[in-house]
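Quick notes on the structure that follows.
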Amino acid sequence: MKAERKRPRILVVGLGNLLLRDDGVGVHAVRALREKPLPRILCAEVGTAVLDSLHLLSWADKVLAIDAMAAGSKPGTVYSFGVMDVAENRAPASLHELGLLSALRFLPRKTKTEIRILGIEPEIIEYGLELTPAVRQALPRVTQAAKEIVALWKN
């Protein structure tokens, strides 16, 4: 009898502050993903409450974090990388990324959660509720990239 392979528990989190225009792009992306739900995937609007979401991070085997990320490129540019790339090679590009990395230190050592980050270059981070046109136009690329990453994880 073949052993049944355990399905990974996959979590997609949207990071950012909806009150600071492009900073809230991660939350907007998760909302867009929920319009056509992904089977067996938990999508959560974490916002800026990363430490309050430790229970979700420890539940998941794989986490995809979506956030605004100022790296100096053209607004709307989409980045994709593993969290260890950040931890080992450069300083965090957003406060939420720093919060995510800090939160990971509180997870039990036995946790082997794989974490990827989708970052979107913001144009404006100041008070306001709407995304800038460049970032709003990047949302379909972000959600498609998220779906592709999740599909790889599910197989």
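If you number the sequence shown the way this note's numbering does, the last residue is 159 and the count never jumps. From the three backbone atoms N, C-alpha and C, an ideal C-beta is built for every residue, glycine too.
Neighbour-count burial assignment, residue i, 16 or more Cβ in a 10 Å radius
| i | result |
| --- | --- |
| A149 | buried |
| A97 | Residue placement at A97 is flagged as unreliable, the pLDDT there being 49, under the threshold of 50; a coordinate-derived value is accordingly withheld. |
| S77 | exposed |
Residue i Cβ short of 7 angstroms to the ligand SAH heavy atom set
| i | result |
| --- | --- |
| L37 | Absence of the ligand SAH from the depicted structure is noted, as is the absence of any ligand whatsoever, leaving it without description. |
Backbone secondary structure at residue i - three-state DSSP
| i | result |
| --- | --- |
| L152 | Note that residue 152 corresponds to Glu in the displayed sequence, not to Leu. Correct three-state label for E152: helix. |
| L61 | helix |
| R44 | coil |
| V67 | strand |
| A142 | helix |
| L55 | helix |
| R11 | coil |
Range of the contiguous alpha helix (DSSP H) that encloses residue i
| i | result |
| --- | --- |
| L133 | Run containing L133: none; DSSP gives neither H nor E here. |
| R35 | V29 to E39 |
Extent of the continuous beta strand (DSSP E) run through residue i
| i | result |
| --- | --- |
| V17 | I14 to L19 |
CA nearest to the CA of residue i, picked from the options
| i | options | result |
| --- | --- | --- |
| L196 | A53, E134 and R120 | Absent from the model: residue 196. The displayed extent of the chain is 5 to 159, so no value can be given. |
| M73 | A155, A138, E125 and V50 | E125 |
| R138 | L19, V29 and G51 | The sequence shown places Ala at residue 138, not Arg. Minimum Cα distance to A138 is reached at V29. |
| A36 | A142, A155 and L156 | A142 |
| L46 | D71, L19 and V67 | V67 |
Residue i versus residue j - alpha carbon distance
| i | j | result |
| --- | --- | --- |
| P79 | E127 | 5 angstroms |
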